[in-house]
Amino acid sequence: MSPRLRACRRTDGKNIYNFAAHQGGNMLDLHLVRNEPDRVEELLRRKGFTAGIRDILELDAERRAALTEFERKRAEQKKLSKRIGALRKTGADASDLMREASELAAVIKDLEAKAERLGRELRDRLLRVPNVPDPDVPVSEDESGNVVLSVKGEPPRFDFEPKAHWDLLGEAGLLDMELGSSLAGSGFYALRGGLARLERALIDLMIRLHTERHGYEEVATPYLARDEILEGTGQLPKFADDMYRIEGSELFLIPTAEVTLANARRGKVLKEDDLPIYLCGYTPCFRREAGAAGRDTRGLIRVHQFSKVELIKIVRPEDSEAELEKLVGEACAVLDALGLHYRTVLLSTGDMTFSSAKTIDIEVYCPGVDRWLEVSSCSNCRDFQARRMMTRYKPAGGKGTRYVHILNGSGVALPRLLIALAESYQRADGSVALPEAVRPYFGGADTLPGKEAGR
RNA sequence: GGGGAGGUGGCAGAGUGGUCGAAUGCGGCGGCUUGCUAAGCCGUUGUACGGUCAAUACCGUACCGCGGGUUCGAAUCCCGCCCUUCCCGCCA
């Protein structure tokens, strides 16, 4: 972790047992790592994590030994203290025992510090290990191994040369890149007139679809979150440089509402009846796009701030596989409603995110730029995030607690949806036909006017 | 920004520096009683980590917002932080 981040992080504390409790737990099931180190190592290697886990296991063994030693001494100390208390109650002299206890206390202090240090080291290491991919995820170093699962609809046909959105919308005065960059720098943009309104209309459409048809609860969360929240979903500690941080605080601008929505049940022990929980919300998303300099510099394809409707599911472990399929369908419903041409893609191990065990992307075809653009990424994180944020549930009738499974998916991301709509439904005169589904949210109009009619 | 109050187990709510993992109530679970319903009675009821292990079993340690300190011993005393809430001021 960067020094600057360390400085603003809450300390991991003296709770030497439950390094999970309040600051978020380890990501991998440590028992699984102990029992099947080779298998875990192999799965992690598929995801590009080559550091190995041998030294983690060593550290784990060391920590446990130190913990046991500490606990033995501590038990001794507690007995001594009780004897002292009993003695003093009778008025007898306990000074010998107290001297003994005092020496013991000094020893224990060291033992505790050692166990604590090892626990913290172990946790720091574990937090940087990505989630293991599902065994059936195609193995590849990069996106070349992705597998197209389905293709929906037909590419739109034109009797003229379709324009890229930056030309189409720029010429219409609806997309103002210059205004955005003059205010906040390159990578920022401004939507004007009908385009700004269209974005709001689409947000409204999507949220109504998900709440009314798919059973989600709409939640409007803060756009900033504390570091421990980001740690819960997996952006921290590894990806601090991808986010905007608020100077002088522990707050980051969220890169996605997944962060705040997935953490909505943080630290809770839920009842089985509470599950599944479906949450959806609209937020702007802020991304530094560090390392992406020079890529997709034109238009709205890759920008530092964009709007997105996000979907989150908190479910029982046995349901997460099926819920991922459902989630993809719910995100696709947006594109279906708008009549867009899209495909679903199973991401290979090399293209998945840190926290995901299995990811299916939805890519929409944009004829102006002649590319498939990702508008949604649906991931099953299984218990990876739940462990970090300590979200569990109590099985009905059963004993104990289990970690929930958490899924996230965009439902869907906006600028690229605007791109797809504009480029797919553009007319020769520069105007854009609006699909029927969006019209009720756009004052009933069937057209996004081009230059002449604009403003 | 200034001042006050407070953060205890699923919830509500006690708690004297020493046998407090924590009274009590509610809820939950098991049982009895009961012709439904309601009520009553008895028992039980947290989580995590570590160890032993055949074990859903036993032992140990930790957890009373988070962290640090004092002490032989801290829910209880001291310090810092976070959060909640009330009053005042200020700006929307």
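Numbering-wise, our numbering puts 543 at position 448 of the first sequence, and it's gapless, one number per residue. Glycine included, every Cβ here is placed at the ideal spot set by N, Cα and C.
Judging by CA-CA distance, which residue of Asp150, Leu269, Ile203 is the nearest neighbour of Leu217?
Stepping through the first sequence from its first residue, residue 217 is reached at position 122. Ranking Asp150, Leu269, Ile203 by Cα distance to Leu217 puts Asp150 first.
Count the other C-beta atoms from every protein chain shown that fall within 10 angstroms of the C-beta of Lys366, then say buried if there are 16 or more, exposed otherwise.
If you number the first sequence from 1, residue 366 lands on position 271. By the neighbour-count rule (16 or more Cβ atoms within 10 Å), Lys366 is not buried but exposed.
Could you check whether Gly545 and Ser519 sit closer than 7 Å to each other, using their CB atoms as the reference points?
Numbered from its first residue, the first sequence carries residue 519 at position 424. Numbered from its first residue, the first sequence carries residue 545 at position 450. No.
From which residue to which residue does the alpha helix (DSSP H) around Ser190 run?
The sequence position of residue 190 within the first sequence is 95, counting from 1. It spans 190-221 - the alpha helix (DSSP H) in which Ser190 sits, taken as one unbroken run.
In whole angstroms, what separates the C-alpha of Val364 from that of Arg497?
Within the first sequence, residue 364 is the residue found at index 269, counting from 1. Within the first sequence, residue 497 is the residue found at index 402, counting from 1. Near 9 Å, if we compare the C-alpha coordinates of Arg497 and Val364.
Terminal residues of the beta strand (DSSP E) in which Thr439 lies:
Position 344 of the first sequence, counted from the start, is the residue given in the question as residue 439. That run of the beta strand (DSSP E) goes 437-441.
State buried or exposed for Ser344, treating a residue as buried only when at least 16 other CB atoms are found within 10 Å of its CB.
Locating residue 344 in the first sequence gives position 249, where the first residue counts as 1. The residue in question, Ser344, is exposed, as its Cβ has fewer than 16 Cβ neighbours within 10 Å.
Who are Val470's beta bridge partners in DSSP?
Stepping through the first sequence from its first residue, residue 470 is reached at position 375. The partner list for Val470 (beta bridge, DSSP) is empty, contrary to what the question assumes.
In angstroms with no decimal places, state the Cα-to-Cα distance between Ile457 and Gly248.
Within the first sequence, residue 457 is the residue found at index 362, counting from 1. Within the first sequence, residue 248 is the residue found at index 153, counting from 1. Cα-Cα distance, rounded: 13 Å.
Could you check what DSSP says for Gly495 in three-state terms: helix, strand or coil?
Here residue 495 refers to the residue found at position 400 of the first sequence. Three-state result, Gly495: coil.
Given 8 Å as the limit, is there contact between the region 497-516 and the region 390-405, that is, 3 or more CB pairs closer than that?
yes
Measuring alpha carbon to alpha carbon, tell me which residue in Glu157, Asp124, Gly268 is nearest Leu221.
As a position in the first sequence, residue 221 is number 126, starting the count at 1. Ranking the options by Cα distance to Leu221, first place goes to Asp124.
CB-CB under 6 Å to Glu418, same chain, minus the five flanking residues each way: which ones, in chain order?
Looking up residue 418 in the first sequence gives position 323. Once the five neighbours on either side are set aside, the close Cβ partners of Glu418 are Lys408, Val410, Leu502.
Once you ignore the five residues that flank Arg522 on each side, which residues in its own chain have a CB closer than 7 Å to its CB?
Sequence index remark: in the first sequence, residue 522 carries index 427 (1-based). These residues qualify, in order along the chain: Ala528.
From which residue to which residue does the alpha helix (DSSP H) around Val128 run?
Here the question's residue 128 lines up with position 33 in the first sequence. Counting along the chain, the alpha helix (DSSP H) containing Val128 begins and ends at 125-130.
So, using beta-carbon positions, are Val459 and Tyr437 closer together than 7 Å?
Residue 459 sits at position 364 when you count from the first residue of the first sequence. Residue 437 sits at position 342 when you count from the first residue of the first sequence. Contact: yes.
Given a threshold of 16 other Cβ atoms within 10 Å of its Cβ, counted over all protein chains shown, does Ser41 qualify as buried or as exposed?
Past the edges of the chain, shown from 96 to 550, lies residue 41, and the structure says nothing about it.
Who are Asp254's beta bridge partners in DSSP?
Your numbering for residue 254 matches position 159 in the first sequence. Per DSSP, none; premise fails for Asp254.
Option in Glu207, Val135, Asp188 with minimal Cα separation from Leu162
Taking the first sequence and counting its residues from 1, one reaches residue 162 at position 67. Nearest C-alpha to Leu162: Glu207.
So, at 7 Å on beta carbons, what are the nonlocal neighbours of Asn113 in its own chain, with the 5 sequence-adjacent residues on each side left out?
What you label residue 113 is simply residue 18 of the first sequence in a count that begins at 1. In this prediction, Asn113 scores a pLDDT of 43, lower than 50, which makes its location untrustworthy; no coordinate-derived value is stated.
By a C-beta neighbour count over all protein chains shown, 10 Å radius and 16 as the cutoff for buried, is Val243 buried or exposed?
Position 148 of the first sequence, counting from 1, holds the residue named residue 243. Flag for Val243 reads exposed.
What are the partner residues of Leu456, as DSSP defines its beta bridges?
The residue labelled residue 456 in the question sits at position 361 within the first sequence. Reading off the sequence, residue 456 comes out as Asp, not Leu. Asp456 is bridged to Val440, Ser472.
Taking buried to mean at least 16 other C-beta atoms within 10 Å of its own C-beta, is Asp322 buried or exposed?
In the first sequence, the residue the question calls residue 322 occupies position 227. Buried: at least 16 other Cβ atoms inside 10 Å.
Would you say the region 412-428 touches the region 482-492, given that touching needs at least three Cβ pairs under 8 Å?
no
Determine the burial state of Lys184: buried for a count of at least 16 other Cβ atoms within 10 Å of its Cβ, exposed for fewer.
Working through the first sequence from its first residue, we reach residue 184 at position 89. So Lys184 counts as exposed.
For Arg308, count neighbouring C-beta atoms within 10 Å of its own C-beta (all shown protein chains included) and say buried if the count is 16 or more, exposed if not.
Position 213 of the first sequence, counting from 1, holds the residue named residue 308. That one is exposed.
Following the continuous beta strand (DSSP E) through Leu406, name the residue where it begins and the one where it ends.
Along the first sequence, read from residue 1 onward, the residue named residue 406 stands at position 311. Counting along the chain, the beta strand (DSSP E) containing Leu406 begins and ends at 400-410.
Quick one: Cα of Asp478 to Cα of Ala357, how far?
Stepping through the first sequence from its first residue, residue 478 is reached at position 383. Stepping through the first sequence from its first residue, residue 357 is reached at position 262. So the two alpha carbons sit approximately 12 Å from each other.
Ala540 to Ser239, Cα distance in whole Å?
On the first sequence, residue 540 is found 445 positions in, with the first residue counted as 1. On the first sequence, residue 239 is found 144 positions in, with the first residue counted as 1. Those two C-alpha atoms are separated by around 42 Å.
Taking the alpha carbon of Leu543 as the reference point, which residue from Ala517, Ser443, Arg361 has its own alpha carbon closest?
What you label residue 543 is simply residue 448 of the first sequence in a count that begins at 1. The option with the nearest alpha carbon to Leu543 is Ala517.
What does DSSP give as the partner residue(s) for Val243 in the beta ladder?
To locate residue 243, count along the first sequence from 1; it is residue 148. Looking at the DSSP assignment, Val243 forms a beta bridge with Val440.
Could you tell me whether the region 319-336 touches the region 298-308, where touching means 3 or more Cβ pairs closer than 8 Å?
no
Following the continuous beta strand (DSSP E) through His500, name the residue where it begins and the one where it ends.
For this step, residue 500 is matched to residue 405 along the first sequence. First-last of the beta strand (DSSP E) with His500: 500-508.
Three-way DSSP call (helix, strand, coil) for Asp271 in this model
Along the first sequence, read from residue 1 onward, the residue named residue 271 stands at position 176. Of the three classes helix, strand and coil, the one that applies to Asp271 here is strand, per DSSP.
So, is Gly120 buried or exposed, given that buried needs 16 or more other C-beta atoms within 10 angstroms?
As a position in the first sequence, residue 120 is number 25, starting the count at 1. With a pLDDT of 45 at Gly120, under the threshold of 50, the predicted position of this residue should be treated as unreliable, though the coordinate-derived value follows. The residue in question, Gly120, is buried, as its Cβ has 16 or more Cβ neighbours within 10 Å.
Bridge partners for Cys380 per DSSP, in chain order?
In the first sequence, the residue the question calls residue 380 occupies position 285. For Cys380, which the question treats as bridged, DSSP gives the partners Phe401.
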